[in-house]
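Heads up: the sequence shown begins at 692 in the numbering used here, then just goes up one per residue.
Step one of this worksheet: look at the structure below.
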Amino acid sequence: VISTYPGVWALIWHRLNHRLWGWNAKWLARFLSNFARLLTGIEIHPGAVIGRRFFIDHGMGVVIGETAEIGDDCTLYHGVTLGGTSWEEGKRHPTLGDNVIVGAGAKVLGPITIGNGARIGSNAVVVRDVPHNATVVGIPGRVIGASGARPAANHGALAKKIGFDAYGTSPDMPDPVASTFHGVIEHIQAMDDRMNDLCRAVKAMGGEMPEKDFPPIAAHDMDCLAPDDRNTPK
């Protein structure tokens with residue numbers, strides 16, 4: 692991963708360049724950041740503040756501006772821009788909270804705040820603040836997922852199990868097929884949890900339960916929940 696992923700290399704270079712920027716060695720920081728851009732195709736201004744466990748998937752065409760701030764555990768896909776809307780001094784670029792995902796080709800512009808746990812769909816153009824745990828799609832970006840706690844805790848558990856979360860969709864989207872499958876997923880996950888509780892209770896009473904694994908669920912089996920061609924992430 693370290694030797695072949697451009698997103699990792701871009702972040703390593705940025706950590707060095709950001710430190711140089713803080714030491715007021717701004718020319719050297721900018722020079723090395725341009726060198727890193729040539730190597731990786733990812734442009735990160737040395738002044739940008741980036742938290743822990745930041746991940747850039749694929750990475751080509753990603754641009755992160757000088758006053759951008761990114762929290763912990765965030766993910767950006769290729770072609771994402773965290774850009775400004777003016778040349779004025781001061782804060783000009785977005786602030787991303789923790790656990791934010793920004794889909795391929797999305798543009799997040801201006802000194803706005805993206806709340807913790809928010810999901811930005813592919814090719815969305817976001818110019819307003821986004822509440823915590825919201826899902827935003829379209830041009831201009833509009834919220835399609837309710838704010839507050841993530842509505843599908845069981846769906847999140849299943850997404851973790853299969854290794855993919857259809858982050859540009861929401862249970863209340865006007866798609867009856869997707870809504871139905873969201874309901875089925877919630878029901879299946881609830882049944883799994885109940886069966887696990889029953890098995891533990893039987894074993895605690897000295898009973899025996901057959902150790903049989905369930906057939907695995909693969910990510911491609913969930914394609915029906917993946918966004919289609921409606922400006923949502925692929």
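The beta carbon of each residue, even a glycine, is placed where N, CA and C say it ideally should be.
Environment of G713 [buried if 16+ CB atoms lie within 10 Å]: The residue you call residue 713 lines up with position 22 of the sequence shown. Burial is judged here by how many other beta carbons sit within 10 angstroms of a residue's own beta carbon; G713 has fewer than 16 and is exposed.
First through last residue of the beta strand (DSSP E) which encompasses K798: By 1-based counting over the sequence shown, the position of residue 798 is 107. For K798, the enclosing beta strand (DSSP E) begins and ends at K798 to L800.
Can you tell which of I741, W718 and A716 has the C-alpha that lies nearest to the C-alpha of A701? In the sequence shown, residue 701 corresponds to position 10, counting from 1. Looking at the Cα atoms, I741 is the closest of the given residues.
Are the CB atoms of P697 and L730 within a distance shorter than 9 angstroms? If you number the sequence shown from 1, residue 730 lands on position 39. If you number the sequence shown from 1, residue 697 lands on position 6. Yes, these two residues count as a Cβ contact at 9 angstroms.
So, with DSSP's three-state summary, where would you put E902? Translated into positions along the sequence shown, residue 902 becomes position 211. Coil.
In the DSSP assignment, find the alpha helix (DSSP H) that holds V699 and state where it starts and stops. As a first step, residue 699 is located in the sequence shown; it is residue number 8 there, counting from the start. Per DSSP, V699 belongs to the alpha helix (DSSP H) from P697 to G713.
Look at the alpha carbon of V791 and the alpha carbon of V799, and state the distance between them as a whole number of angstroms. On the sequence shown, position 100 is the one that residue 791 refers to. On the sequence shown, position 108 is the one that residue 799 refers to. Distance between the alpha carbons of V791 and V799: 12 angstroms.
Length of the line joining the Cα atoms of D764 and V875: Locating residue 764 in the sequence shown gives position 73, counting from the first residue. Locating residue 875 in the sequence shown gives position 184, counting from the first residue. The straight-line gap from Cα to Cα measures roughly 29 angstroms.
For R810, does the three-state DSSP call read helix, strand or coil? If you number the sequence shown from 1, residue 810 lands on position 119. The answer is strand: DSSP assigns R810 an E or B state.
Does DSSP classify T758 as helix, strand or coil? The residue labelled residue 758 in the question sits at position 67 within the sequence shown. Correct three-state label for T758: coil.
C-alpha distance - T980 paired with N715, whole-angstrom precision: Residue 980 is absent from the structure shown; the chain starts at 692 and stops at 925.
Measuring alpha carbon to alpha carbon, tell me which residue in R728, V828 and P822 is nearest V754. Position 63 of the sequence shown, counted from the start, is the residue given in the question as residue 754. Taking only the C-alpha atoms, the option nearest V754 is R728.
From E779 to D884, what distance separates their C-alpha atoms? For the purposes of this step, residue 779 is identified with residue 88 of the sequence shown, where counting begins at 1. For the purposes of this step, residue 884 is identified with residue 193 of the sequence shown, where counting begins at 1. Each residue's CA atom was taken as its position, placing E779 and D884 some 54 angstroms apart.
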